[in-house]
């Protein structure tokens, strides 16, 4: 939130101060050097007023030009979005002070963006490491324990009479459902398909799993022959698609969703769109969207939100040219 403005802008404070000084100086000069200080002629008064107006106009013009870089800097600083890096200040004119101001401000922005990118990379790396650890513990710990419970209940059911066998088999089925849920959560935490089969197969598997656990009809299209994005970029693409589809399934009240990964103008482009109710009318972005933006910043990509031709929302991730 911007702090409220306190008093007139610097330009007007300087302009009013200079105008007062010039007016006082011209008035004193006219009175001192007039033949009769008590009888200033109309012609001299007209010359005095005209000269004062001319000096004020020149003064205001020079002030406006000198303070223009400050106005540009103020407007630019208010438009800066940390999640949309790359914008730089370009001060018009060849004034050396203005150019030096713009260069210093741009250098500061560059340092801030590098530091933010590094901090986001460290945070996301730690997050992915924690996801992997939890997924492994669920798979190797809880998953193995539930598998043992399922097998034990199956063996116990064989030695029980019919009325009790039904209840044991019901418990076995409940344990099996819990085992499948643990495996699903582990797969969501760490995409095995991405590690084992590559990005294209992982996106298809993701679409199938989201459709399986929701009422969505998910269509996934990956253009054949896409270049290698690199490990970080592939993980960002997968996580953005995962978060977008999760938001659609939870909040959009949609029946259909599309995922497309293709080249557009030589740049890889990921689009996820649906036929739901679209984005919130107040324009606010939740933590999921912010997380997607931070991941995009990490690899120099651009994330855009727009209205889909299907009637709902569209999430577009544009990656740097490979």
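Numbering (full-length UniProt numbering), first residue to last: 1 to 322. Ideal placement from N, C-alpha and C gives every residue a C-beta, glycine not left out.
Taking its Cβ as the centre, do 16 or more other Cβ atoms sit within 10 Å of residue i, making it buried, or is it exposed?
| i | result |
| --- | --- |
| residue 58 | exposed |
| residue 247 | buried |
| residue 133 | exposed |
| residue 312 | buried |
| residue 130 | exposed |
| residue 299 | buried |
| residue 306 | exposed |
| residue 308 | buried |
| residue 295 | buried |
| residue 258 | buried |
| residue 74 | exposed |
| residue 235 | buried |
| residue 316 | buried |
| residue 135 | buried |
Could you tell me the alpha carbon to alpha carbon distance between residue i and residue j, rounded to whole angstroms?
| i | j | result |
| --- | --- | --- |
| residue 157 | residue 146 | 16 Å |
| residue 202 | residue 196 | 9 Å |
| residue 162 | residue 179 | 25 Å |
| residue 297 | residue 144 | 38 Å |
| residue 110 | residue 230 | 24 Å |
| residue 273 | residue 122 | 30 Å |
| residue 164 | residue 289 | 51 Å |
| residue 276 | residue 70 | 45 Å |
| residue 38 | residue 24 | Note that residue 38 has pLDDT 49, beneath the 50 cutoff, so the model's placement of it is unreliable and no number is given. |
| residue 252 | residue 310 | 12 Å |
| residue 176 | residue 198 | 29 Å |
| residue 170 | residue 149 | 13 Å |
If contacts are defined as beta-carbon pairs under 8 Å, then residue i and residue j qualify, I think. What distance do you get, rounded to the angstrom?
| i | j | result |
| --- | --- | --- |
| residue 142 | residue 182 | 5 Å |
| residue 243 | residue 291 | 6 Å |
| residue 320 | residue 267 | 7 Å |
| residue 102 | residue 89 | 5 Å |
| residue 255 | residue 219 | The pair is not a contact, with the Cβ atoms about 12 Å apart (cut-off 8 Å). |
| residue 238 | residue 189 | The Cβ separation is near 12 Å, so there is no contact. |
| residue 249 | residue 210 | 6 Å |
Please name the residue or residues paired with residue i in a DSSP beta bridge.
| i | result |
| --- | --- |
| residue 306 | 314 |
| residue 257 | 218 and 274 |
| residue 137 | The partner list for residue 137 (beta bridge, DSSP) is empty, contrary to what the question assumes. |
| residue 267 | 264 |
Let me see if you follow: with CB-CB separation under 9 Å, is residue i close to chain D or not?
| i | result |
| --- | --- |
| residue 55 | Of the protein chains in the structure, only one exists, and it is not chain D. |
### Query
In chain order, which beta strand (DSSP E) runs of at least 3 residues are fully inside the stretch 192-229?
217-222
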